[in-house]
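Structure first, commentary second.
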Amino acid sequence: MSMIGEYARLTADEFERALGDPEWAQERVDELVEAELGGGVGDADARCLDTDKAWHALDYLLSRIGFPVDIVFGEDAIPDAEDWGYTPPRYLTPERVRVAAEALRGIPAERLVEGVGPEDLARADVYPVVVWERGESLEYVTAYYEALVPFFDAAAREGDAMLMWLD
Numbered sequence: 001m002s003m004i005g006e007y008a009r010l011t012a013d014e015f016e017r018a019l020g021d022p023e024w025a026q027e028r029v030d031e032l033v034e035a036e037l038g039g040g041v042g043d044a045d046a047r048c049l050d051t052d053k054a055w056h057a058l059d060y061l062l063s064r065i066g067f068p069v070d071i072v073f074g075e076d077a078i079p080d081a082e083d084w085g086y087t088p089p090r091y092l093t094p095e096r097v098r099v100a101a102e103a104l105r106g107i108p109a110e111r112l113v114e115g116v117g118p119e120d121l122a123r124a125d126v127y128p129v130v131v132w133e134r135g136e137s138l139e140y141v142t143a144y145y146e147a148l149v150p151f152f153d154a155a156a157r158e159g160d161a162m163l164m165w166l167d
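Structure follows, in structure tokens:
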């Protein structure tokens, strides 16, 4: 079983409701995922995104460059929420999503991995360690990073909050 980084965009109204009703939040996110699995939603309109197993490498790389927002684990927990897989959901407010989107636009993927190789991730015990011990390319991570940039941009443009968790 793998740990997958998951994201969901919520409107401001949905976000307010989610803070007070974590069961509703999980049901709403399940609806969003189901709708996108059914097709018909383009990348620009996506309300959900996953970073597969690249989440820990993204956290390591973003922390290393002093990224101003925790876009991997979120900055606050939804009160009384249970685990949605491996972790309970955490969130970024619409304002923090805007800060993150602006910062993401200023960091090309090449800068994110500059001077870092798979051996560095293995040495730092970054999940999944076995991938880095094999010397796999960091292109896997940069591909997910490049997907996060427009996802956060769209959320910021719409004034959305963001939920994130490990599933």
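Numbering-wise, the sequence shown is residues 1 to 167 according to UniProt numbering. Ideal placement from N, C-alpha and C gives every residue a C-beta, glycine not left out.
Between the CA atoms of residue j and residue i - distance to the nearest angstrom
{"i": "Thr-142", "j": "Asp-167", "result": "21 Å"}
{"i": "Glu-36", "j": "Arg-47", "result": "8 Å"}
{"i": "Trp-24", "j": "Glu-16", "result": "11 Å"}
{"i": "Gly-74", "j": "Asp-50", "result": "14 Å"}
{"i": "Gly-159", "j": "Trp-55", "result": "24 Å"}
{"i": "Leu-61", "j": "Thr-11", "result": "29 Å"}
{"i": "Val-131", "j": "Gly-115", "result": "18 Å"}
{"i": "Leu-19", "j": "Ile-4", "result": "23 Å"}
{"i": "Val-41", "j": "Glu-34", "result": "Note that Val-41 has pLDDT 48, beneath the 50 cutoff, so the model's placement of it is unreliable and no number is given."}
Closest residue to residue i among the options (Cα-Cα distance)
{"i": "Arg-105", "options": "Trp-165, Tyr-144, Asp-153, Arg-9", "result": "Asp-153"}
{"i": "Met-164", "options": "Asp-13, Val-113, Glu-34, Asp-52", "result": "Asp-52"}
{"i": "Arg-98", "options": "Glu-6, Glu-133, Ala-161, Pro-22", "result": "Ala-161"}
{"i": "Tyr-144", "options": "Asp-45, Ala-57, Ile-65, Ala-122", "result": "Ala-57"}
For residue j and residue i, believed in contact at Cβ under 8 Å, the rounded distance
{"i": "Val-69", "j": "Ala-103", "result": "7 Å"}
{"i": "Arg-9", "j": "Ala-100", "result": "About 12 Å separates the two Cβ atoms, so there is no contact after all."}
Between the stretch 149-163 and the stretch 104-111, do at least 3 Cβ pairs fall closer than 8 Å?
-> Contact holds between the stretch 149-163 and the stretch 104-111, because three or more Cβ pairs, one in each stretch, are under 8 Å apart.
Determine contact between the stretch 80-89 and the stretch 125-133, defined as no fewer than three beta-carbon pairs at a distance below 8 Å.
-> Too few Cβ pairs lie closer than 8 Å, so no.
Counting Cβ pairs closer than 8 Å, one from the stretch 94-102 and one from the stretch 22-30, do we hit at least three?
-> Short answer: they don't touch.
Please go through the stretch 44-113 and give each complete beta strand (DSSP E) segment of 3 or more residues, from N-terminal end onward.
-> Considered as a whole, the stretch 44-113 harbours 48-50, 90-92 as its complete beta strand (DSSP E) runs of no fewer than 3 residues, in chain order.
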